[in-house]
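Before any comments, here is the structure.
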Amino acid sequence: MSGMIYKDREFSEPVVLQGATLSTKQGIYAILVPDMSFYPWPYRVVFFGEADNVAKQVTPKHAQYNEWVGAAAGTDIFVAVHNTGRMTAKKRQAAADELVSAFCNEAMSCSAV
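According to numbering that gives the first Met the number 0, the stretch in the sequence shown is residues 0 to 112, in order.
Following this line, the structure appears as C-alpha coordinates:
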(Lines of atoms letter the chains of each structure in order from A and count residues from 1; the text may use other names and numbers.)
(Lines give C-alpha, C1' and ligand atoms only; values in the text may rest on other atoms or scores of the structure.)
Protein backbone atom coordinates (compact mmCIF):
# COMPACT_ATOMS: atom_id res chain seq x y z
CA MET A 1 0.00 0.00 0.00
CA SER A 2 1.34 3.44 -0.87
CA GLY A 3 0.91 6.59 1.20
CA MET A 4 -2.33 7.83 2.69
CA ILE A 5 -4.51 10.55 1.17
CA TYR A 6 -6.31 13.08 3.34
CA LYS A 7 -8.21 15.90 1.61
CA ASP A 8 -6.16 15.55 -1.62
CA ARG A 9 -2.90 15.69 0.36
CA GLU A 10 -0.62 12.69 0.00
CA PHE A 11 1.02 11.54 3.21
CA SER A 12 3.83 9.04 3.55
CA GLU A 13 3.18 5.43 4.48
CA PRO A 14 2.67 5.36 8.27
CA VAL A 15 5.70 4.38 10.36
CA VAL A 16 5.96 3.54 14.04
CA LEU A 17 6.89 6.77 15.80
CA GLN A 18 9.27 5.17 18.28
CA GLY A 19 12.61 4.79 16.51
CA ALA A 20 11.43 6.44 13.27
CA THR A 21 13.79 8.62 11.26
CA LEU A 22 11.54 11.52 10.30
CA SER A 23 12.13 14.28 7.80
CA THR A 24 13.98 17.36 9.00
CA LYS A 25 12.03 19.36 6.43
CA GLN A 26 8.76 21.18 6.96
CA GLY A 27 5.50 19.34 6.65
CA ILE A 28 2.07 18.48 7.92
CA TYR A 29 1.96 15.31 10.00
CA ALA A 30 -0.75 12.92 11.07
CA ILE A 31 -0.48 10.99 14.31
CA LEU A 32 -2.28 7.67 13.96
CA VAL A 33 -3.23 4.73 16.12
CA PRO A 34 -4.22 1.26 14.94
CA ASP A 35 -7.95 0.81 14.42
CA MET A 36 -9.20 -2.06 12.29
CA SER A 37 -12.60 -0.40 11.83
CA PHE A 38 -11.04 2.13 9.44
CA TYR A 39 -10.67 1.34 5.74
CA PRO A 40 -8.63 1.19 3.56
CA TRP A 41 -5.92 1.97 6.13
CA PRO A 42 -6.32 0.42 9.59
CA TYR A 43 -5.44 3.65 11.40
CA ARG A 44 -7.41 6.35 13.18
CA VAL A 45 -6.09 9.91 13.12
CA VAL A 46 -5.70 11.38 16.60
CA PHE A 47 -3.76 14.51 15.70
CA PHE A 48 -2.78 16.70 12.74
CA GLY A 49 0.08 19.14 13.13
CA GLU A 50 2.52 21.20 11.15
CA ALA A 51 6.19 21.96 11.66
CA ASP A 52 9.20 23.68 10.14
CA ASN A 53 11.16 20.55 11.06
CA VAL A 54 8.99 17.47 11.50
CA ALA A 55 11.74 15.45 13.23
CA LYS A 56 12.17 18.08 15.94
CA GLN A 57 8.43 18.52 16.50
CA VAL A 58 7.16 14.93 16.52
CA THR A 59 8.83 13.59 19.67
CA PRO A 60 7.85 12.43 23.16
CA LYS A 61 8.39 16.07 24.23
CA HIS A 62 5.41 17.22 22.13
CA ALA A 63 2.72 18.91 24.25
CA GLN A 64 0.11 16.37 23.07
CA TYR A 65 2.28 13.26 23.36
CA ASN A 66 0.53 11.89 26.46
CA GLU A 67 -2.81 12.18 24.64
CA TRP A 68 -1.35 10.19 21.74
CA VAL A 69 -0.18 7.50 24.17
CA GLY A 70 -3.64 7.38 25.75
CA ALA A 71 -5.32 7.09 22.35
CA ALA A 72 -2.96 4.26 21.39
CA ALA A 73 -4.08 2.33 24.50
CA GLY A 74 -0.93 0.24 24.72
CA THR A 75 -0.35 -0.15 20.99
CA ASP A 76 2.17 1.64 18.77
CA ILE A 77 1.78 5.27 17.74
CA PHE A 78 2.26 5.86 14.01
CA VAL A 79 3.11 8.98 12.04
CA ALA A 80 2.58 9.89 8.38
CA VAL A 81 3.97 13.08 6.83
CA HIS A 82 2.85 15.32 3.99
CA ASN A 83 5.75 17.27 2.46
CA THR A 84 4.69 20.90 2.12
CA GLY A 85 7.64 22.15 0.07
CA ARG A 86 7.93 25.90 0.59
CA MET A 87 4.54 26.50 2.17
CA THR A 88 4.51 29.25 4.80
CA ALA A 89 3.83 28.39 8.44
CA LYS A 90 0.49 30.23 8.21
CA LYS A 91 -0.57 28.16 5.18
CA ARG A 92 0.61 24.92 6.82
CA GLN A 93 -1.44 25.71 9.93
CA ALA A 94 -4.49 26.52 7.80
CA ALA A 95 -4.06 23.22 5.95
CA ALA A 96 -3.75 21.29 9.25
CA ASP A 97 -6.88 23.02 10.56
CA GLU A 98 -8.72 22.10 7.35
CA LEU A 99 -7.73 18.45 7.85
CA VAL A 100 -9.04 18.52 11.41
CA SER A 101 -12.34 19.99 10.20
CA ALA A 102 -12.65 17.32 7.51
CA PHE A 103 -11.56 14.22 9.44
CA CYS A 104 -11.98 14.79 13.14
CA ASN A 105 -14.94 14.85 15.45
CA GLU A 106 -15.53 14.58 19.18
CA ALA A 107 -15.76 10.81 19.03
CA MET A 108 -12.30 10.61 17.52
CA SER A 109 -10.67 13.12 19.90
CA CYS A 110 -8.62 14.41 17.00
CA SER A 111 -6.95 17.80 17.20
CA ALA A 112 -4.28 20.10 15.79
CA VAL A 113 -1.85 22.58 17.23
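The beta carbon of each residue, even a glycine, is placed where N, CA and C say it ideally should be.
It is roughly 23 Å from the alpha-carbon of F10 to the alpha-carbon of K60.
Nearest C-alpha to F47 among F37, L31 and T87: L31. When the alpha-carbon of Q25 is set against those of Y42, V80 and A101, the nearest one is in V80. Take the alpha-carbon of M35 and the one of P41: they are about 5 Å apart. When the Cα atoms are used, Y64 and N82 turn out to be separated by approximately 22 Å. In this structure, the straight-line span from the alpha carbon of A70 to that of Q92 is close to 23 Å. DSSP lists no bridge partner for M35. In terms of Cα proximity to K55, the closest of F37, P39, Y28 and Y38 is Y28. Nearest in C-alpha terms to W67, of all of T87, P33 and A95, is P33. In the same chain as E97, and ignoring 5 residues on each side of it, the C-beta atoms closer than 7 Å to its own belong to K6, in chain order. Minimum Cα-Cα distance from V57 among the listed residues I76, A101 and S100 corresponds to I76.
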